Amino acid sequence: MDAAAARRGRSLIDVDQLTPAEVHWLLDTARSFEEVSRRAVKKVPALRGRTVVNLFFEPSTRTRISFELAAKRLSADVVNFAAAASSVVKGEALKDTVLTLQAMGVDALVVRHPCSGAPGVIDGWTDAAVINAGDGMHAHPTQALLDCYALIRRIGCLQDKRIAIVGDIMHSRVARSCIKAFTMLGAEVVLVAPPTLMPAGLPPETRFSYVLEDVLEDCDVFYLLRLQTERQEEGLIPSLREYAAAYQMDARRLGRARPHALVMHPGPINRGVEISAEVADGPRAVMLDQVTSGLAVRMAVLFMALGGKEGGDAESG
Amino acid sequence: MDAAAARRGRSLIDVDQLTPAEVHWLLDTARSFEEVSRRAVKKVPALRGRTVVNLFFEPSTRTRISFELAAKRLSADVVNFAAAASSVVKGEALKDTVLTLQAMGVDALVVRHPCSGAPGVIDGWTDAAVINAGDGMHAHPTQALLDCYALIRRIGCLQDKRIAIVGDIMHSRVARSCIKAFTMLGAEVVLVAPPTLMPAGLPPETRFSYVLEDVLEDCDVFYLLRLQTERQEEGLIPSLREYAAAYQMDARRLGRARPHALVMHPGPINRGVEISAEVADGPRAVMLDQVTSGLAVRMAVLFMALGGKEGGDAESG
Amino acid sequence: MDAAAARRGRSLIDVDQLTPAEVHWLLDTARSFEEVSRRAVKKVPALRGRTVVNLFFEPSTRTRISFELAAKRLSADVVNFAAAASSVVKGEALKDTVLTLQAMGVDALVVRHPCSGAPGVIDGWTDAAVINAGDGMHAHPTQALLDCYALIRRIGCLQDKRIAIVGDIMHSRVARSCIKAFTMLGAEVVLVAPPTLMPAGLPPETRFSYVLEDVLEDCDVFYLLRLQTERQEEGLIPSLREYAAAYQMDARRLGRARPHALVMHPGPINRGVEISAEVADGPRAVMLDQVTSGLAVRMAVLFMALGGKEGGDAESG
Chain A
4 MDAAAARRGR SLIDVDQLTP AEVHWLLDTA RSFEEVSRRA VKKVPALRGR
54 TVVNLFFEPS TRTRISFELA AKRLSADVVN FAAAASSVVK GEALKDTVLT
104 LQAMGVDALV VRHPCSGAPG VIDGWTDAAV INAGDGMHAH PTQALLDCYA
154 LIRRIGCLQD KRIAIVGDIM HSRVARSCIK AFTMLGAEVV LVAPPTLMPA
204 GLPPETRFSY VLEDVLEDCD VFYLLRLQTE RQEEGLIPSL REYAAAYQMD
254 ARRLGRARPH ALVMHPGPIN RGVEISAEVA DGPRAVMLDQ VTSGLAVRMA
304 VLFMALGGKE GGDAESG
Chain B
4 MDAAAARRGR SLIDVDQLTP AEVHWLLDTA RSFEEVSRRA VKKVPALRGR
54 TVVNLFFEPS TRTRISFELA AKRLSADVVN FAAAASSVVK GEALKDTVLT
104 LQAMGVDALV VRHPCSGAPG VIDGWTDAAV INAGDGMHAH PTQALLDCYA
154 LIRRIGCLQD KRIAIVGDIM HSRVARSCIK AFTMLGAEVV LVAPPTLMPA
204 GLPPETRFSY VLEDVLEDCD VFYLLRLQTE RQEEGLIPSL REYAAAYQMD
254 ARRLGRARPH ALVMHPGPIN RGVEISAEVA DGPRAVMLDQ VTSGLAVRMA
304 VLFMALGGKE GGDAESG
Chain C
4 MDAAAARRGR SLIDVDQLTP AEVHWLLDTA RSFEEVSRRA VKKVPALRGR
54 TVVNLFFEPS TRTRISFELA AKRLSADVVN FAAAASSVVK GEALKDTVLT
104 LQAMGVDALV VRHPCSGAPG VIDGWTDAAV INAGDGMHAH PTQALLDCYA
154 LIRRIGCLQD KRIAIVGDIM HSRVARSCIK AFTMLGAEVV LVAPPTLMPA
204 GLPPETRFSY VLEDVLEDCD VFYLLRLQTE RQEEGLIPSL REYAAAYQMD
254 ARRLGRARPH ALVMHPGPIN RGVEISAEVA DGPRAVMLDQ VTSGLAVRMA
304 VLFMALGGKE GGDAESG
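Protein chains in written order, with this note's numbering: chain A, 4 to 320; chain B, 4 to 320; chain C, 4 to 320.
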C-alpha cells in the first residue's frame, strides 16, 4: 500500500513505470471495484467532482465506453473529445489543446493517439494525470493490466505460467505492454508470428517461434492478437486464408493444447481469422471476462491517478 | 400492478408483447413522471447507478435526446454509441458488440437499427433489457405508446375513437406499432394511402381507403406519417406536389373534419408535404404534446425495464 | 444584486443587453465559481436537475467543452447536439428543433450557429434561456465577458485602460462583443487592421489605425484576433507571411510596448501568424487565464440564466 500510495496522482503511460507491488495494488483495487459493477446501484462516490476527459484521436468505441463507464461509476464528470482521424492534432496544436483542457481544471486525460509516444509527451506538458489508452505501436497499459486481472481470476498466480502471444507482434502495442506485464508477474512469454510480423532485434533471451504447432502443447494461455486486414495489402501476409491456416486458434489446435489452456484476444475479433467461431464462443475463451475486467481495472487506474489528491477511499459508498 | 410487476426487468421490442393492463400501467407511470419534468429540479433517483446505452445504428437526434434525457431524469448513467450509417454492424460483429456491452454491466440497451428485427435478435443475446427505439420497417413501440399517452391526455379514453393513419403505411414502423397500440386500447383505425404505399395482405377486417376525403368527416384523429422523399425517386409517388394535393392535411380539409378532430405526426415534419404550415402551427396539432409525452413515456419504459430489479419506486425523490 | 436578480431567467444574446451593474454581478459570481474549479470536488448543486442542451451548428470543441463542464460543475444535466456543418438547420426546420427541445423541458439552449442572428431568433421562439455561444459575424458575449474577467484579474479595473484589438475586425464576432464589453467597463478601444479587414462605417468617435506600430507604445492590452486562412484565398490579405510581417505580435514589437502590456487571443492560436511562439508562451500572454476565466464566466452566465427560477444560491454546496 505504501508503493501504491506514492503512485497516486501520477500518470500511467506504460506498464514498466509500475513496480510489481503497484501492479498488485491496482489488481486488488480492481477486485473491490468489480464488485461495484455487479450491484444494481453501480456507483461509488470515490471521484465525485473530478473531471475526466476522453481525448481520443483514434476511433475506439469499446475503449472509450469502458473508460467512460469506469469514470461514471466512480462519480467523476466525463467529457468526450473525439478528433476525426483526418484532423489528427499534432505538435503545437496538440499542446494548445492539452493546456486548454488543463486550464479548465481537468483532472485526468485519457489519451488514445495514432502516434507512438503522444501520451508521454502530453504528460510532460500538463499537471493533469495522463492515462495512455493506446498510442501507435507503443503501449496499451490498461489492456495489459486487465489481461493480468482476467487471467489471475481464472488461473490464479501467473508465476511460471507459459503464455503464447500469437499474431502481428510487430505492429501491436497490446503485445508490447502484455509482454512487460506478464513477465513482471512471473509468467514466461513465447512469441508466435510469421517472420514478416515478428519484430526485429528481440532481446536474446526472448522465446519465439514461427510455427504455432511448436508451442501448442506446452502453453497455459494463447493470446491471439487482432490482425489488421491492411497487412494483406502491405504484402506482410500472403492472404487472410493462409494466415488463418497457419495461426488461427481453432478446435483442432485447441484440442492438442493442455486441457485447461485458455484463449484470450483484446477484441474486436475477426472471427475465422485469428480465432474460429467455435473456439471464440467456447468455454475456454476469456474475451468477455477481459471486457468485464477492463472496466474494473480502469476504475482502479483512474482511482490511482486521481483518488490520492484527497485520500479518497475505494471502499466508501 | 400485478401484470406490470411481472413485466419489469424485461425488454420492449413491440407493443403486442404488452397486455392492455401493462399498457395502462405504463401510461399511469408516465403520468407521474411527466410531473417530474415540470419541476425546476427535473430528477428522481429511481434508476441511480443503472447504466443505459443508446445504441443507435441510424441517426436520430430527437429520439436519442428523448431517451438520454429520460434516463438522466431517472438518475441513470447514459452512454451514447452511434455507429455511422456506413459501418452498420451486422451478424457476429453486432453480437460481439452486444456481449461486450453486457460484459461491462450495462443494464439497458436502447437500440435503433435500420434492419427490421435487430432489437429482437439482440434481446436473445443479452440479459440486459432491450428497448426498441425503431427497427427498419418493423416497430417503434415507444412512439406508439407516447402517441396513446398524448391522445388520452387530450381526448380521454380511446375506446371507439376513430383514428386515420395517413401516408406511407407500407414502409412505416410507426404505423405498424400505432395500429397495434390504438387497437389494443379500443380505437378503430382506418388506413389512408395511395395504392403504391398501402401494404399488401392486410387482414380482411382492416378498414382502408385510397382517398383522404372519404374519411375526413368521421375521424377523431388524423395521424400523418412522414414521407421519405426517396419515395419519389423510387417511383412510388408521382411527385411531392401531387402527393400533397391528395394527402396533405391542410386548413381546407381540416375544416371539413369533426370540430374537435386532432392532427398528429411523429416528426420531424415535412411542412407543405404531409401537413400545411397553417395546420402544423394551429391549435389542433398535437405534435409538441407528443414530444413532451415521449419523454414521460420513455421514463416509464426505462423504469419498467430496470426499476423492478430492486423494487425502485416511481414516486420517490 | 437588484439588477442582477431582474436579469435571472433571461437569455444572453449579446453584451449590450446587460447593464454595467449586471456585468459586474456576473463577474463577481464568476469569481465565486472559479474557486469551485480549484477544489478537488469541483461541483456545486446550484443547477441540479436543470437541463442544458449544447446546440452547436458549427464545430467548436473548446467552447462546447467549456460550456459542458460549466453546466456539469453546477450539477445540471447536459446533452450535446451537434449538427454537421453540411446539414445546417434553417428556418422552419430550426424552429421545429427548438420547439421539440422546449417540449422536452429543456431549461437552457447554448447555441452556436454560422448565421448571424440565429440565437436571437431562437430566443423569440422559446421560453428556455438562450445563451449565444457565437453566431456568424454578430456576437460572442461569453467570450467578451471572460476576457473582461481575465483582464480585471490581471490589471484590476478597466477604467481608462487602452486596449488594441488587432486583426480581422471585419469578420469577427469576438471583436464586436469585446468592443462593447471593454467600452462598457470604461476602457478605450483602438482597432488595428489592414484596410481590407477594417469594417466600413465605424462610428466617428472610433479610434483606429492600419499600422500596429502606431499604437504599440500607448496600449495596456493587445488583443489579437484569429485569422481565418480563407482570407488569403479571398484576396483580403496578400499572404499569411505579409500579414504576419505587419500585424504579428512578436518579441520585438512587445519589447517596444509598455512594460506591463498584456497579450490576449480568443484561441485557438495560429502560432507564427497572429502571434509568435515566443510571445505566446511568454509571461505576458494571458490565453490560459482566458480559458480558466471562460469556465467560471460560463458557470455564472448559466447560473444567471437558470438559477433564479427557484432562487438558487451561488454559494451553496
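No residue lacks a Cβ here, since even glycine has one placed at the ideal position from N, Cα and C.
Model, not experiment: these values are computed from the prediction.
Judged by their CB atoms, B:I166 and B:A178 are not nearer to each other than the 8 Å cut-off. Assignment of A:V44 by DSSP, reduced to helix, strand and coil, places it in the coil class. If you check each beta-carbon in the region 127-149 of chain B against every beta-carbon of chain A, none falls closer than 7 Å. Annotation for C:F225: the continuous beta strand (DSSP E) segment containing it runs 224-227. Note on geometry: alpha-carbon atoms of B:S119 and B:D138 lie some 5 Å from one another. For the pair of segments examined, the region 285-293 of chain A was found to touch the region 262-276 of chain A: the number of CB pairs separated by less than 8 Å reaches three. DSSP places A:M267 inside the beta strand (DSSP E), whose first and last residues are 265-267. Secondary structure of A:H27 (DSSP, three-state): helix.
Among the CB atoms of chain B, one or more fall inside 8 Å of the CB of C:T54.
An exposed status is given to B:S242, since fewer than 16 other beta-carbon atoms sit within 10 Å of its beta-carbon. Taking a contact as a CB-CB distance under 8 Å, the pair B:R255 and B:L219 does not count as one, their CB atoms being some 10 Å apart.
Nearest neighbour of A:L148 by Cα position, chosen from A:L309, A:A131, A:A303, turns out to be A:A303.
In terms of CA proximity to B:F60, B:H116 leads the group B:H116, B:R51, B:S40. Sequence-distant partners of A:L228 (beyond 5 residues in either direction) whose C-beta falls short of 8 Å from its own C-beta, in its chain, are I168, V169, G170, D171, I172, S175, V177, A178, H268, P269, E277. Within its own chain, the residues whose Cβ lies closer than 6 Å to the Cβ of C:G297, once the five positions on either side in sequence are excluded, are S69, L149, listed in chain order. Boundaries around B:I134 are those of the beta strand (DSSP E), 132-138, since no alpha helix (DSSP H) includes it. With a threshold of 8 Å between beta carbons, A:E71 makes contact with chain B. Among the residues of the region 32-60 of chain C, those with a Cβ less than 8 Å away from any Cβ of chain A are S40, R41, R42, A43, V44, K45, K46, in the order of the chain. Contact between B:V55 and B:A111 holds, since their C-beta atoms are separated by about 5 Å, short of 8 Å.
Residue state for C:R13 is assigned as coil, using DSSP reduced to three classes. Chain-ordered, the chain A residues with CB closer than 8 Å to the CB of B:G108 read S40, R41, K45, L72, T295, L298.
Of all alpha-carbon atoms in A:P198, A:P197, A:T209, A:A203, the one lying nearest the alpha-carbon of A:T186 is that of A:T209. Under the Cβ distance rule, C:I278 does not count among the residues neighbouring chain A, no pair being separated by less than 8 Å. Around C:L243, no beta-carbon contact reaches into chain A at under 9 Å, the shortest distance being about 15 Å. In the structure shown, B:A142 adopts extended strand secondary structure according to DSSP, grouped into three states. Here the alpha carbons of B:D284 and C:R34 stand approximately 44 Å from one another. Under the three-state reduction of DSSP, C:A260 is assigned to coil, being neither helix nor strand. Just so you know, the alpha carbons of B:P23 and B:A184 end up roughly 9 Å apart. Cα atoms of B:L50 and A:S279: separation of roughly 39 Å, rounded to the nearest angstrom. The beta carbon of A:V109 sits closer than 6 Å to the beta carbons of T54, V56, A131 from its chain, once the five residues preceding and following it are set aside; these are given in chain order.
Pairing A:E237 with A:Q231, the inter-Cα distance amounts to about 10 Å. For B:L309, the closest of B:V133, B:I240, B:L161 by C-alpha to C-alpha distance is B:V133.
Taking a contact as a CB-CB distance under 8 Å, the pair A:V114 and A:N135 counts as one, their CB atoms being some 6 Å apart. Taking 7 Å as the cut-off between beta carbons, the residues of the region 73-86 of chain C near chain B are D80, V82, F84, in sequence order.
For B:G270, a Cβ of chain C is located within less than 8 Å of the residue's own Cβ. Under the rule that a run must span 3 or more residues, the beta strand (DSSP E) segments found entirely inside the region 167-255 of chain B read 191-195, 210-212, 224-227.
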